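Working notes, structure below.
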Amino acid sequence: MGEVNVKTLKQKDRTFWEQTYVTEFIKGLGVTMKHFFTNLSPNKEDRDTRTVEYPDEPRDYPDRYRGRHRLMVRDDGQVRCVACMCCSTICPADCIHIEAAEHDDPSIEKYPETFVIDQLRCIACGMCVEACPCDAIRMDSGVHVSAFEDREESFHDRETLMDLGGQSMAEQGGDHIPSPN
Amino acid sequence: MPNWLAIILFLLVVLGAATGVISGAVWSAGFLPAMPGWLIILLKIGIIVFGFVMLVASLMTLVGDRKQSAKIQNRIGPNRATFFGQSLGGLPHFIADGIKMLFKEDIVPNGAHRTFHMVAPALIFIPALLGFSVIPFMDEYCSTGAPMVTPNYPFELCPNGEWLNYFQVIDLNSGMLFAFAIASIEVYGATIAGWAANNKYSLLGGMRSAAQMISYEVSLGLSLAGLLLIWGTLDLNEMVRLQGKLFAGWIPLWGIVIQPVAFFLFFLVGMAETKRPPFDQPEGESEIVAGYFTEYSSMKFAVIQLAEYVATVFLATLTAVFFLGGWQVPFLFADGFHFGGIGAQPDIALPYAVVIAMRIVAMLFKVLVVVWLQFMMRWTYPSFRYDQVMTMGWKIVLPLSLANFFVTAFIVLII
Amino acid sequence: MPKVTINNEEIEVDDGTTVMEAAAQLGYDIPHFCYHPALSIPANCRMCLVEVEDNPDLQPSCHMPVNDGMEVHTESERVVKARKSVLEFILVNHPVDCPICDQAGECKLQDYYMAYDAQESRLRTEKVDGVKVYPLGPEVVYDGERCILCTRCVRFCEEITETDELTTAQRGDHTEIRTFPGQELDNNYSMCTVDICPVGALTARDFRFKCRVWLMNTTDSVCTGCSQGCNIHLDHFRNEVQRYRPRYNPDVNDYWMCDPGRYTYKEVHQDRLEDPMVGDNVVNWHAATQAYVSTMDEALDTFEPSERAMVLSPQVSCEGLHQARRFADEVLETDRLYMGGKPGGESDDLLMNADKNPNRRGIEYVFGGLEAVDSFESLVDAMEAGEIRVLHMMNKHIPTTDDALRARFVDAVADLDLFVLQAMHRGEMVFPPDHRGDFPAADLDDPTLVELADIALPSSSHAEQDGTFVNEDGIAQPFSQSFKPLYNSQPDWQIFGRLGDEMGHSLSYRRLADLREEMFGDAEDDAKPKTLDDKQSKSRAPADAATQPTPAE
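Residue numbers (this note's numbering), protein chains in the order written: chain A, 1 to 181; chain B, 182 to 596; chain C, 597 to 1149.
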């Protein structure tokens, strides 16, 4: 048995007035009164209201907010994804469905014929983004997934995902990065 | 965006309208005496009940419970329902609530005592309203319109006329006893509601409410015993009139001045009587669902809720009458302001009608301030445990009010 | 018997053993690309270099026979450094397009890179562009950039199939695998080149981009393509067979299997009979069983035992056949048994057999010889003569390519009083147009049989049940269940058990093991099929150096 270090903290005794609760009650009332009158101020800047009236006042998402997925595109607008299935493999919610197909261009070779994300199953963990070796899927669109009226709407297909897509800075394909020297 | 100034303005307009009706009635005093007595009483009941009590009580559900709590908690409060795109400070929510309550299904649980289950809300609500019948909203009205102030206030003369009771439904000289008697009847409603619903939680809630209200009833009366010793009257209007006396010409002798301990005790006990937080153990949301009204829905539920708010207003009114000078405005007498003692001529002379209007507004204002204070406390303090409630009632408040009574009696004896 | 010391462990091996084999016997897996135990040794990849004491140079262990007193180090600093250098050389022109590459996950280059290289490329020169998506043949696609020129595929075509289609073309870092002019890689074993390719240079047209290898689960199974009974890895993903891969068994198929055999996985999923049917109505098993009991009870009362018959299927496992035998004995009380199954087809000297049924020898062993089982022709004759009124048929294959006989059979079935069909498939099987190879009987199945059946019961494929096939050499080979029976199908042995129980005979078994004990029980010991239990169990165990002298290919 090891030595256990015990530090005894002495609780502060209550004073007489604390014991009667009267002063503490008044103090408490003072706190709420302060808030009440602060928020009653006719000048809205002086108020301390924390409520964000969300749909009326859209709130900026933080930079690293994981929003709707987007599929990046190549220079010519084709999908950047090569259907390596890394994202669907890592996906803990198993919400990514990819069907690969042979591309006409032999230098691209493989592309996703279908790429469907079930946003109802997605838990927005962002692991697909981390797993992607091609910088093809991102969640930095800054757009949240909107509500669905129909289960079908939750299946975001390749075109829907590409609508938000942009071009990546990273080189892709066999083109070698030129030497910095 | 809701604007608090607009809300306050709105409330002022409502109050103004109420006082306007009353003072309008006063202006037309020419034909008032011609009206039969029962019509006058009906008119008074209508104005007091619908123009003031119900209005304040129901608006409290919005302003007190939602907007005030929102301000305290740095929120905005309800503002999503709108009229023509205007949220109007949440007023549409209040109306929508009423409509919703009306159209909800009224459920009577299996095995409930149907009659009592139906009657109980009324048994809670009616006593709460009845209490207002003895509340004076202004002094008695001098039929000639020109009362004479004597230096020996509160003795006033009404030359060539008589004092008419226009601002009090019934002028009982035992008004205070009546008010307490009626208030204590409320406990029957709550207990019957809890028992009739055939629900264990309801029954527990009913028992709790009975025990709590009866326990605090004792202190409620005893805390005022000191005032009775000093004033020697049970007539509420007389009490208010007595509070118009000035000490040393400058200090109005309100109840709070002569009996500060009694004021705190009364305020505390009053909150316990209304069964609202922090004394909401009869509801006991975390333990017994909703207490004695667990099984109530639709308008019955609304009536019980409203009765609670009415009880709050009633307690606030009593507080105003006993301790805050009722309709008294400091230094204001029937002919105008007298500063530093009642002289032959008022320092600021005012027409009688203006004085009446000011006094009524003062009364309403005091009630609203007390109501507001009660809501501040309701949103500040956590609820007590039930045993703490009873401990406080019997072991702290009751001995304190007894002590206050004996000390007062001793002082009155000496003086 | 030379003694050799490998990593300070001494071992005595046979004459002519290479260092790599000796090391493998001690449990050291020396990395290699070009070496394959079934092929000749070119020693061109230089990955297997080891340090031999008293020798200034590192030596290729795959090629170097052991000498007495040799001291070898396979994990020394020099060796590991050499491996890293070799990998760096191999990767000079490798595109590292693992995300696209189908081999990723079972790629030797990937594994060795992770184990020995694991550094960023130091090269700043452009990679040499190779040919992409180059079809070597109908089944195999070649990627010149990924190829590391180990020449396993070339040697396979020279030494195993002896068809000599492939060679290396060009020189230096432009070298690529090519077919000889006017030829294409089109033999019955072309897809084995995909299996032995250590990288993703050769990919199968059929499996290409279909599924990532790490997603699949693998079950040990047996190919149903012919009576050879090649051992396979059945790779499946989400209740779907994705591909067959040959499983090493020196007594049956060595490391190989044929292309038509590989394609038989499609039978598992194509055109299945999904639900039990009574007439034209889809019903559940309960209703189907009840319908069977009532109609068969009536038929048993009405018709003599000689008027009832059963068609056995050599496509069904021995377990199913055993139950069929008991069912015929106890329930149908008939000895009119006929042989069904697929008609014969193409064959060659290596692995393909003409008999396209995996379990014909199983019938022999279960029924104690084929004397009791009559030919299909005699069935048709008997039916046309009106001798048979009640027929219980297992699987709807008609074992003949003679259209006239098939038509006669179908006509005769229409005249039967009661026809029960217990089949896996529904109708005509349609394979995709790019498929290669001959599928005897598959496209000869007659869809009208299901329509003619009074009661049709869906049975499961070999992927959905545990079972045993006896191959042509009389070797009983168990196979394992990969996934639960698809649709509403049930294994044949369970169908017979269910029907028998309902008919008032205790036919079902609680455990498959009980059934297996009785399966060949009637036969004499020497009449039982051989089992390869030792090898079967060992091939499932993790690579054991003592019995598997070669590292996994």
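C-beta: ideal position from N, C-alpha, C; glycine also. These numbers were taken from a predicted model, which means no experiment stands behind them.
query: Contact set between the stretch 794-824 of chain C and chain A, restricted to residues whose Cβ is under 9 Å from the partner; result: R804, F805, K806, C807, R808, W810 and L811
query: Cutoff 7 Å: A/D46 Cβ touching any chain B Cβ; result: no
query: At least 3 beta-carbon pairs within less than 8 Å: the stretch 251-263 of chain B vs the stretch 271-287 of chain B; result: yes
query: Distance between C/V907 and C/D1088 (C-alpha atoms, nearest Å); result: 13 Å
query: Counted within 10 angstroms of its Cβ, other Cβ atoms place B/F284 as buried (16 or more) or exposed; result: exposed
query: Contact list for the stretch 226-254 of chain B against chain A, Cβ threshold 9 Å; result: Q249, A251, K252, I253 and Q254
query: Inter-residue spacing [alpha-carbon to alpha-carbon] between C/G1033 and C/P856; result: Confidence at C/G1033 is low in this model, with a pLDDT of 46, below 50, so the placement of that residue should be treated as unreliable; the coordinate-derived value is given next. Roughly 5 Å between the two C-alpha positions.
query: Inter-residue spacing [alpha-carbon to alpha-carbon] between C/D1039 and C/V1006; result: Per-residue confidence for C/D1039 stands at a pLDDT of 49, beneath the threshold of 50, marking its modelled position as unreliable; no derived number is given.
query: Residue-level contact to chain A via CB, B/M452, 7 Å cutoff; result: no
query: Three-state class that DSSP yields for C/S817 in the structure shown; result: strand
query: C-beta neighbour in chain C for A/V82, strict 7 Å; result: yes
query: Three or more C-beta pairs below 8 Å linking the stretch 780-794 of chain C and the stretch 749-767 of chain C; result: yes
query: Cβ-Cβ distance between B/H519 and B/P511 below 7 Å; result: no
query: For B/Q440, three-class secondary structure by DSSP; result: coil
query: Closest Cα partner of B/M544 within the set B/G517, B/A515, B/L487 and B/G507; result: B/G507
query: Residues near B/T129 in its chain [Cβ-Cβ closer than 6 Å; skip 5 each side]; result: Beyond the ends of chain B as shown, which are 182 and 596, falls residue 129 of chain B; an answer cannot be given.
query: Buried versus exposed, by CB contacts within 10 Å (16 or more), A/H144; result: exposed
query: Extent of the continuous beta strand (DSSP E) run through C/R904; result: R904 to L908
query: Partners in chain F for C/K728, counting only beta-carbon separations shorter than 7 Å; result: Considering every chain present, this structure includes no chain F. Its protein chains are A, B and C.
query: Own chain partners of C/L946 with C-beta closer than 8 Å, once the 5 adjacent residues on each side are dropped; result: I756, T757, N784, Y785, W852 and C854
query: Cβ of C/P731 within 7 Å of any chain A Cβ; result: no
query: Contact with chain B by A/R50, beta-carbon distance below 7 Å; result: yes
query: Within chain A, partners of C/I686 - CB distance below 8 Å; result: Simply none; closest approach about 17 Å.
query: Proximal residues to C/P1029 (C-beta, below 6 Å), its chain only, five neighbours per side dropped; result: Only weak support exists for where C/P1029 lies, its pLDDT of 39 falling under 50; the coordinates are left without a value.
query: Three CB pairs or more closer than 8 Å across the stretch 367-375 of chain B and the stretch 288-307 of chain B; result: yes
query: For B/F460, the residue or residues it bridges with in DSSP; result: DSSP, once it has assigned bridges, lists no residue as partnering B/F460.
query: Best match in C/V750, C/I828, C/I637 and C/V864 for proximity to C/V848 [C-alpha to C-alpha]; result: C/I828
query: Closest residue to C/P901 among C/L933, C/Q1090 and C/A1049 (Cα-Cα distance); result: C/L933
query: N- and C-terminal bounds of the alpha helix (DSSP H) containing B/V399; result: K381 to W412
query: Residue-chain proximity (C/P695, chain A), Cβ-Cβ < 7 Å; result: yes
query: 7 Å Cβ cutoff, A/A100 in contact with chain C; result: yes
query: Within chain B, partners of A/F36 - CB distance below 8 Å; result: Q249, K252, I253 and M557
query: Coil, strand or helix - C/A884 by DSSP; result: helix
query: For A/E53, the three-state DSSP class (helix, strand or coil); result: coil
query: Residues from the stretch 134-166 of chain A in contact with chain C, defined by Cβ distance under 7 Å; result: C134
query: Within-7 Å CB hit, B/I257 to chain A; result: yes
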